[in-house]
Amino acid sequence: MDKEIVLVDSDPEDDEVSVKRQRVDTPEDPLRFGTPFAETLTVEAPAVAAPVPPAPPAPPSKFSLQSDESDADDDSGSDLGEFYEDSALAKVSRRAPLGVPRRESVSVSGSESDADSSSSVILPELEDGDVPAITPEVIASTRKFLKSQGVHEFLQTYLPTAASGDDIARVILKLGFVPPMAPEPDNSNIMGLISFLNRVMTKVMKVRDRLEEVKTIDDALDAIQKAKKVLVITGAGISTSLGIPDFRSSKGFYSQIQSLGLNDPQEVFDLQNFHMDPSLFYSIAHLILPPENVYSPLHAFIKLLQDKGKLLRNYTQNIDNLESYAGIKQENLVQCHGSFATATCVTCRKQIPGEQIFPQIRAQEIAYCPDCSKTKDKILRKDDDAYLPESFGVFKPDITFFGESLPKRFHDTIAQDLRECDLLISVGTSLKVAPVADIVDKVPPYVPQIVINKDPIDHCNFDVSLMGYCDDVASYICNLMGPEWDIPHPDYDKIRGPDGSNLVFEGQDLEYREYYIINKAKEEAEAAEALKKEQEAEAEAAADGELNSAPKPLLINEVTPATTVSSTAETTKELLTESQLNSSLAPVSEPSVQPNDY
0 MDKEIVLVDS DPEDDEVSVK RQRVDTPEDP LRFGTPFAET LTVEAPAVAA
50 PVPPAPPAPP SKFSLQSDES DADDDSGSDL GEFYEDSALA KVSRRAPLGV
100 PRRESVSVSG SESDADSSSS VILPELEDGD VPAITPEVIA STRKFLKSQG
150 VHEFLQTYLP TAASGDDIAR VILKLGFVPP MAPEPDNSNI MGLISFLNRV
200 MTKVMKVRDR LEEVKTIDDA LDAIQKAKKV LVITGAGIST SLGIPDFRSS
250 KGFYSQIQSL GLNDPQEVFD LQNFHMDPSL FYSIAHLILP PENVYSPLHA
300 FIKLLQDKGK LLRNYTQNID NLESYAGIKQ ENLVQCHGSF ATATCVTCRK
350 QIPGEQIFPQ IRAQEIAYCP DCSKTKDKIL RKDDDAYLPE SFGVFKPDIT
400 FFGESLPKRF HDTIAQDLRE CDLLISVGTS LKVAPVADIV DKVPPYVPQI
450 VINKDPIDHC NFDVSLMGYC DDVASYICNL MGPEWDIPHP DYDKIRGPDG
500 SNLVFEGQDL EYREYYIINK AKEEAEAAEA LKKEQEAEAE AAADGELNSA
550 PKPLLINEVT PATTVSSTAE TTKELLTESQ LNSSLAPVSE PSVQPNDY
């Protein structure tokens, strides 16, 4: 696939930034770059060349590339604390290199440079020709060697003794990453390439390998039936069937409030902004206020796992608290981002049931603590000029804002759950927000992982990916597992249809272990709706075309002498109706049609 890569290169001692563009053939899911990692590589500074004659600095020796163990990731901690600072970890692709990718190869060439590119390309034509194309097999074998032999042996094998920038860039490519900068002929940016190579190696070392024994739908069903301690991660996708918007889709919450004029929708959930002006949050909170006493079939599926004694814990990123309506026990639930279940006064810390402030949220009014309101009145009676913050005595729903720590319960449970779980199921989340997104990389490598989601998640390495609407997929797999797995929800029979005939398996990607589940009734309804909109658009376009092609009447904007008007009427009688002509001949004090009206 022909793809443009924008390279931003800057000198640490200079404020000037240069931008370069280069086209390369890249697979759909290459591991991306730019994520900081804890582990670092150090290198001896290249020798400074003599001023005359000019010469490039001496390249460093490969033996000076060392792993800085002091900054290495330490998994011995009690939770995922070491990852909290960098949510971008969840955004870097963790696609397994094994198997045939969606694109044939990664071609590296300077011959397809864009017109606006500089003369320095992403990788110059390599003289020895050993990397004309980085194939999936090369990426797979290179990563396998790194993971099996370790960093030291990998560097000894893959880098020459006098490693140049080109050498380091080649290794980065062989690991499946795109270098963030072009290697300079004088090795002046070799430190940046070394730093990035270190990040690449650290990331590859963390990549989870898919299990060979869990690769089909039948394997996934078998894993669910055998599992005794299932760790379930859920996101907004499990609630969209109830009309609750997700956050990041084209019709999600962020898109909705962007239309209200907010430059950065996340400002709504910024803790500092809430303290300065709580009215901003209360003006839009009604858009995400959850319905009461309802839950989706997917929620009921999690409850079914609980009833069968299989649910270890449900880590949900949702704030709607619908799990409680489904009957999921609090001891089996971790609401990673808080919820609307309770609200707390930001001043006196009084906590109340969340439902008590729902009327104010629906009315887009700020909910105040009655106790603090009395205190505020006393303070102002004593001193009219007393300063009180805008958020004084305001109830804030107990959802986790940007700038707040995750609930203590997450830290208390995650480490033990990671050790105990024997199956991970991720449902309805794109896994883009740490630290929840990092759970999939912290589960022991022998634990099967299944994802249920509408779209593939290319940056994670699940054993089986079941693609489709969450309720549909859950109903499909439960129907296959038999009557004892019937989901306790009134919509279950409607979704699966008679004998499960409404849900069909349609399409698969065996290399990526992706299997697509289709709801025939829903697909037909969506197709009919799309056709209706298309026909309406065509009819509207046709009507506009007829209107634009119709002859336009002559508009007479000024009173003229009778003889002139009579002459005009004769020559334009086909354009003017009789009433219009009579109107134009009638004596008037001002024109009946103003020029600006059209």
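Residue numbers (numbering that gives the first Met the number 0): 0 to 597.
C-beta: ideal position from N, C-alpha, C; glycine also.
Taking the alpha carbon of residue i as the point to measure from, which residue in the options has its own alpha carbon closest?
i, options, result
"residue 402", "165, 176, 273", "273"
"residue 486", "207, 298, 333", "298"
"residue 137", "156, 162, 175", "175"
"residue 397", "222, 288, 161, 465", "288"
"residue 405", "305, 160, 340, 334", "334"
"residue 241", "263, 351, 292", "292"
"residue 436", "336, 162, 144, 193", "336"
"residue 372", "362, 484, 389", "389"
"residue 237", "414, 468, 155, 374", "468"
"residue 369", "386, 318, 344", "344"
"residue 199", "215, 170, 452", "170"
"residue 414", "440, 400, 395", "440"
"residue 338", "374, 235, 433", "235"
"residue 432", "530, 266, 315", "315"
"residue 509", "211, 221, 239, 491", "211"
"residue 285", "221, 354, 219, 492", "354"
"residue 232", "463, 480, 450, 380", "450"
"residue 438", "484, 521, 412", "412"
What did DSSP end up calling residue i once you bin it into helix, strand or coil?
i, result
"residue 312", "strand"
"residue 479", "helix"
"residue 156", "helix"
"residue 180", "coil"
"residue 338", "strand"
"residue 226", "coil"
"residue 395", "strand"
"residue 470", "helix"
"residue 518", "strand"
"residue 382", "coil"
"residue 363", "coil"
"residue 614", "No information on residue 614 is available, as it lies outside the stretch 0 to 597 that the chain covers here."
"residue 533", "helix"
"residue 344", "strand"
"residue 499", "helix"
"residue 174", "coil"
"residue 538", "helix"
"residue 231", "strand"
"residue 463", "strand"
"residue 139", "helix"
"residue 506", "strand"
"residue 454", "coil"
"residue 389", "coil"
"residue 168", "helix"
"residue 433", "coil"
Output needed for residue i: all residues of its chain with C-beta closer than 8 angstroms, excluding positions within five of it in sequence on either side, in chain order.
i, result
"residue 494", "296, 470, 471, 474, 501, 502, 518"
"residue 534", "none"
"residue 60", "Low local confidence applies: a pLDDT of 36 at residue 60 is under 50, so the model's placement there is unreliable, and no value is given."
"residue 279", "266, 267, 272, 273"
"residue 145", "153, 174, 200, 203, 204"
Rounded to the nearest angstrom, how far is the Cβ of residue i from that of residue j, given a contact under 8 angstroms?
i, j, result
"residue 213", "residue 444", "No, residue 213 and residue 444 are not in contact; Cβ-Cβ is about 12 angstroms, not under 8 angstroms."
"residue 422", "residue 223", "7 angstroms"
"residue 163", "residue 186", "6 angstroms"
"residue 465", "residue 442", "Their Cβ separation, rounded to whole angstroms, is 18 angstroms, which puts residue 465 and residue 442 out of contact at 8 angstroms."
"residue 364", "residue 281", "7 angstroms"
"residue 269", "residue 400", "6 angstroms"
Less than 7 angstroms between C-beta atoms, sequence neighbours within five positions excluded: which residues of the same chain meet that for residue i?
i, result
"residue 545", "none"
"residue 300", "473, 477, 486"
"residue 528", "none"
Identify, in the order they occur along the chain, each residue of the same chain with its Cβ nearer than 6 angstroms to the Cβ of residue i, setting aside the five sequence neighbours on each side.
i, result
"residue 332", "313, 322"
"residue 346", "371, 391, 392"
"residue 216", "514"
"residue 350", "341, 343"
Closer than 7 angstroms: is that where the CB of residue i sits relative to any heavy atom of the ligand NAD?
i, result
"residue 296", "Ligands in the displayed structure: none, and consequently the ligand NAD is not present."
So that I know if they touch, is there some Cβ in chain D lying closer than 8 angstroms to that of residue i?
i, result
"residue 187", "Note that chain D does not occur in the displayed structure, where there is just one protein chain."
Contact between the stretch 312–330 and the stretch 489–504 is defined here as three or more beta-carbon pairs at a separation below 8 angstroms; is this criterion met? no
Between the stretch 308–319 and the stretch 225–233, are three or more C-beta pairs nearer than 8 angstroms? yes
Below 8 angstroms, how does it come out for the stretch 170–185 and the stretch 418–438: are there three or more Cβ pairs, yes or no? no
Quick check: the stretch 347–362 against the stretch 452–465, are at least 3 beta-carbon pairs closer than 8 angstroms? no
Indicate whether the contact test is met: 3 or more Cβ pairs, each with one atom in the stretch 188–204 and one in the stretch 149–169, closer than 8 angstroms. yes
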